[in-house]
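If you count the sequence shown from 1, position 282 lands on 281 in numbering that gives the first Met the number 0, and the numbers rise without skipping.
Just below is one structure, and these are the notes that go with it.
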Amino acid sequence: MAVAAAQKNREMFAIKKSYSIENGYPSRRRSLVDDARFETLVVKQTKQSVLEEARARANDSGLESEFIQDAAQIGEGEKFEDADGNKNVLSDADTIDGTTKSDEDYTLTEEEVILQNAASESPEAEQAIQKAALLLRMREGMGTLARILKTIDNYKGCVEHLETRPSQETGIQFDALVKVSMTRINLLQLIRSLRQSTSFAGVNLLSDNISNKTPWFPRHASDLDNCNHLMTKYEPELDMNHPGFADKEYRERRKEIAEIAFGYKYGDPIPSISYSESENSTWQRVFNTVLELMPKHACKEYKAAFGKLQGADIFVPHRIPQLEDVSNFLRKHTGFTLRPAAGLLTARDFLASLAFRVFQSTQYVRHANSPFHTPEPDCIHELLGHIPLLADPSFAQFSQEIGLASLGASDSEIEKLSTVYWFTVEFGLCKENQQLKAYGAALLSSIGELLHALSDKPELRPFEPASTSLQPYQDQEYQPIYYVAESFEDAKEKFRRWVSTMSRPFEVRFNPHTERVEVLDSVEKLETLIWQLNTEMLHLTNAINKLRGSQFE
0 MAVAAAQKNR
10 EMFAIKKSYS
20 IENGYPSRRR
30 SLVDDARFET
40 LVVKQTKQSV
50 LEEARARAND
60 SGLESEFIQD
70 AAQIGEGEKF
80 EDADGNKNVL
90 SDADTIDGTT
100 KSDEDYTLTE
110 EEVILQNAAS
120 ESPEAEQAIQ
130 KAALLLRMRE
140 GMGTLARILK
150 TIDNYKGCVE
160 HLETRPSQET
170 GIQFDALVKV
180 SMTRINLLQL
190 IRSLRQSTSF
200 AGVNLLSDNI
210 SNKTPWFPRH
220 ASDLDNCNHL
230 MTKYEPELDM
240 NHPGFADKEY
250 RERRKEIAEI
260 AFGYKYGDPI
270 PSISYSESEN
280 STWQRVFNTV
290 LELMPKHACK
300 EYKAAFGKLQ
310 GADIFVPHRI
320 PQLEDVSNFL
330 RKHTGFTLRP
340 AAGLLTARDF
350 LASLAFRVFQ
360 STQYVRHANS
370 PFHTPEPDCI
380 HELLGHIPLL
390 ADPSFAQFSQ
400 EIGLASLGAS
410 DSEIEKLSTV
420 YWFTVEFGLC
430 KENQQLKAYG
440 AALLSSIGEL
450 LHALSDKPEL
460 RPFEPASTSL
470 QPYQDQEYQP
480 IYYVAESFED
490 AKEKFRRWVS
500 TMSRPFEVRF
510 NPHTERVEVL
520 DSVEKLETLI
530 WQLNTEMLHL
540 TNAINKLRGS
550 QFE
């Protein structure tokens with residue numbers, strides 16, 4: 000039930016618009032960072048429209064929804080049915096002061112919309128016990144408290160905490176904080192009743208006590224199936240500058256391959272694509288160029304993994320690799336797997352996938368007329384740019400840590416994480432024997448940008464996540480600024496320190512045994528983790544002692 004409610008909230012606030020020119024997408028070239036910023040804007044717009052719609056419905060109907068009956072209209076002598084089904088008649092005292100406000104003064108807050116949707120899941124959800132805190136601004140003296148408590152009792156509520164303080168606002172005598180425990184249906188009715196009373200200048204439902212505002216995030220790789228409704232599509236037919244804009248056959252091919260990705264579910268084998276002679280020819284041109292430039296310009300980790308992929312007969316010049324074969328190769332080396340994608344996902348969903356060591360990969364091929372440039376990721380970029388380093392244990396761990404940091408992050412933090420991803424995984428440089436080498440996928444799969452990055456034209460800065468995450472990026476031309484990591488290990492350490500300053504109120508870890516993300520939010524979970532770590536440390540200590548002992552034999 001909790002999963003269903005979370006998913007409903009996610010869908011309610013989901014992006015309803017395609018990332019295309021007709022819907023105001025600001026850039027011709029797709030990028031993770033621009034997607035994150037656009038996503039934040041559209042989520043805010045969508046969320047606001049949803050809230051306004053819910054408030055309008057509440058005012059139009061007097062809050063008479065499926066789970067708030069006429070009984071919520073509490074006034075002198077009116078009847079209502081309590082949680083036990085008993086008919087009761089309230090006196091003036093039950094309405095706090097015997098006077099009520101007009102329904103026109105009533106509007107749902109965001110917290111009440113969330114509560115209302117949670118209660119509407121089912122009859123059982125209506126009767127679920129909800130703990131909440133109410134902040135009441137009382138115009139009159141302490142005598143109002145007795146009537147507040149009686150009203151809560153009428154709605155079968157339990158007062159768990161009550162405190163008051165003199166108010167600092169003019170015309171208000173006291174502020175009262177009341178923590179209650181009651182069914183969701185009765186809590187909504189209670190708020191309605193209190194709001195109608197003239198005794199209060201304000202009745203606020205405190206968000207921290209009613210709903211965890213942390214965005215929904217997957218807990219298992221199978222939950223990535225639920226991200227499909229946020230899949231974003233780059234639409235060649237809407238952008239005249241796209242190489243495939245005037246090629247009807249190419250656009251149809253893109254749609255055909257996209258449908259395969261949309262139909263994919265966790266656990267399915269990745270469907271094979273029968274690539275055409277033209278598509279394989281495009282792959283071969285780029286592949287041979289990468290082979291030519293790789294020895295001089297790529298980092299050692301990339302070259303080592305590339306060689307292994309060649310040795311496994313996966314990377315060959317005449318044939319585009321199938322994702323299923325690549326996925327099986329990665330699983331053996333670093334535990335990463337692939338999942339077919341129709342195009343760029345939203346930044347939040349893409350980064351979340353990395354937390355489970357899942358890389359979302361396209362299967363379509365760039366247009367044949369533009370073999371060395373693509374305005375959005377295609378399978379050549381994924382395979383030649385990303386895959387070799389995902390086969391390197393250190394880089395795979397770094398990628399997963401970025402994914403784990405994104406789970407439950409705020410929209411602004413997703414933008415920062417996307418920017419860090421942009422300047423590292425996509426356009427990163429590192430030092431190797433005092434020489435600059437490329438490890439970013441966008442560099443290793445783009446000849447022109449690779450040579451530009453390693454020339455004396457751009458500005459090079461040391462990688463520091465705090466400043467890197469705020470750096471404006473360039474998605475129309477070559478980057479004017481690149482960030483240089485001392486090593487993968489140094490980049491990971493700096494990243495970990497930076498992530499620890501994020502606002503997320505909890506920590507997560509990936510459990511490799513259950514393949515689930517665990518939220519470390521209880522003493523019991525921490526004790527279990529400590530026990531597991533102690534066991535691992537025991538094995539490591541024994542291994543060190545045995546190695547030392549063998550040196551003296």
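Backbone N, C-alpha and C define an ideal beta-carbon position, used for all residues, glycine too.
Where residue i falls: helix, strand or coil (DSSP)
{"i": "LYS295", "result": "helix"}
{"i": "THR153", "result": "Note that residue 153 is Asn in the sequence shown here, rather than Thr. Note: ASN153 maps to helix in three-state DSSP."}
{"i": "GLY201", "result": "strand"}
{"i": "TYR438", "result": "coil"}
{"i": "ALA127", "result": "coil"}
{"i": "GLU139", "result": "coil"}
{"i": "PHE184", "result": "The sequence given here places Ile at residue 184; Phe does not occur at that position. Helix."}
{"i": "ASN510", "result": "strand"}
{"i": "ILE269", "result": "coil"}
{"i": "GLU278", "result": "helix"}
{"i": "LYS264", "result": "coil"}
{"i": "THR534", "result": "helix"}
{"i": "ASP520", "result": "coil"}
{"i": "SER166", "result": "coil"}
{"i": "GLU159", "result": "strand"}
{"i": "TYR301", "result": "helix"}
{"i": "TYR477", "result": "coil"}
{"i": "ARG223", "result": "The question names Arg, yet the displayed sequence has Leu at residue 223. In the structure shown, LEU223 sits in a helix (DSSP, three-state: H, G or I)."}
{"i": "PHE173", "result": "strand"}
{"i": "ALA245", "result": "coil"}
{"i": "ARG515", "result": "strand"}
{"i": "SER411", "result": "helix"}
{"i": "SER119", "result": "coil"}
{"i": "SER192", "result": "helix"}
{"i": "LEU406", "result": "coil"}
When the options are compared against residue i, the one with the closest alpha-carbon
{"i": "GLU381", "options": "PRO392, GLN362, PHE397 and HIS366", "result": "GLN362"}
{"i": "PHE462", "options": "SER444, PHE261, ALA200 and PHE422", "result": "PHE422"}
{"i": "VAL315", "options": "PRO294, THR333, PHE286 and VAL483", "result": "PHE286"}
{"i": "TYR438", "options": "LYS299, ILE184 and GLU523", "result": "LYS299"}
{"i": "ALA484", "options": "SER502, SER454, THR513 and ASN432", "result": "ASN432"}
{"i": "PHE509", "options": "LEU539, ASP410 and LEU403", "result": "LEU403"}
{"i": "LEU350", "options": "VAL364, ALA297, GLU412 and SER369", "result": "GLU412"}
{"i": "LYS43", "options": "VAL516, SER444, SER409 and GLY142", "result": "SER409"}
{"i": "GLY415", "options": "LYS436, GLU375 and SER466", "result": "The sequence given here has Lys at residue 415, not Gly. Nearest of LYS436, GLU375 and SER466 to LYS415, Cα basis: SER466."}
{"i": "VAL289", "options": "LYS149, SER499, PHE371 and TRP497", "result": "PHE371"}
{"i": "THR500", "options": "GLN473, SER468 and GLU123", "result": "SER468"}
{"i": "SER445", "options": "LEU528, THR373 and THR513", "result": "THR373"}
{"i": "VAL179", "options": "PHE199, TYR154, PRO165 and SER166", "result": "TYR154"}
{"i": "GLU276", "options": "LYS254, LEU344 and VAL364", "result": "VAL364"}
{"i": "ALA311", "options": "GLN399, ILE543 and LYS331", "result": "LYS331"}
{"i": "PRO392", "options": "ARG347, LEU292, LYS491 and PRO504", "result": "LYS491"}
Cβ-Cβ separation, residue j to residue i (assumed contact under 8 angstroms), whole Å
{"i": "TYR420", "j": "GLU448", "result": "No, TYR420 and GLU448 are not in contact; Cβ-Cβ is about 16 angstroms, not under 8 angstroms."}
{"i": "LEU337", "j": "PHE358", "result": "6 angstroms"}
{"i": "ILE401", "j": "LEU353", "result": "6 angstroms"}
{"i": "ALA395", "j": "PHE335", "result": "6 angstroms"}
{"i": "ALA118", "j": "ARG183", "result": "4 angstroms"}
{"i": "TYR481", "j": "LEU443", "result": "So it is not a contact: roughly 13 angstroms between Cβ atoms."}
{"i": "LEU329", "j": "ALA367", "result": "The pair is not a contact, with the Cβ atoms about 28 angstroms apart (cut-off 8 angstroms)."}
{"i": "ILE151", "j": "LEU189", "result": "6 angstroms"}
{"i": "ALA441", "j": "PRO339", "result": "That pair is no contact at about 21 angstroms."}
{"i": "GLU110", "j": "LEU204", "result": "5 angstroms"}
{"i": "PRO479", "j": "PRO457", "result": "6 angstroms"}
{"i": "MET181", "j": "CYS157", "result": "7 angstroms"}
{"i": "ALA108", "j": "SER198", "result": "The question names Ala, but residue 108 in the sequence shown is Thr. Their Cβ separation, rounded to whole angstroms, is 19 angstroms, which puts THR108 and SER198 out of contact at 8 angstroms."}
{"i": "LEU134", "j": "LEU176", "result": "6 angstroms"}
{"i": "VAL32", "j": "THR418", "result": "5 angstroms"}
(message) To test your reading of the DSSP string, which unbroken beta strand (DSSP E) runs of 3 or more residues are found completely within the region 305-393?
(response) Listed in chain order, the beta strand (DSSP E) elements of length 3 or more contained wholly in the region 305-393 are 336-340 and 357-361.
(message) Contact between the region 282-300 and the region 366-386 is defined here as three or more beta-carbon pairs at a separation below 8 angstroms; is this criterion met?
(response) Segments in contact, yes.
(message) Assess contact between the region 213-225 and the region 167-180, defined as three or more Cβ pairs (one per stretch) separated by less than 8 angstroms. Is contact present?
(response) No, because fewer than three Cβ pairs between the region 213-225 and the region 167-180 fall closer than 8 angstroms, the two stretches do not touch.
(message) If we require 4 or more residues per run, which alpha helix (DSSP H) segments fall completely within the region 425-473?
(response) Segments of the alpha helix (DSSP H) lying fully in the region 425-473: 440-443, 446-452 and 464-467.
(request) State whether the region 267-278 contacts the region 318-326, with contact taken as three or more CB pairs (one from each stretch) at a distance under 8 angstroms. (result) Contact holds: three or more Cβ-Cβ distances are below 8 angstroms.
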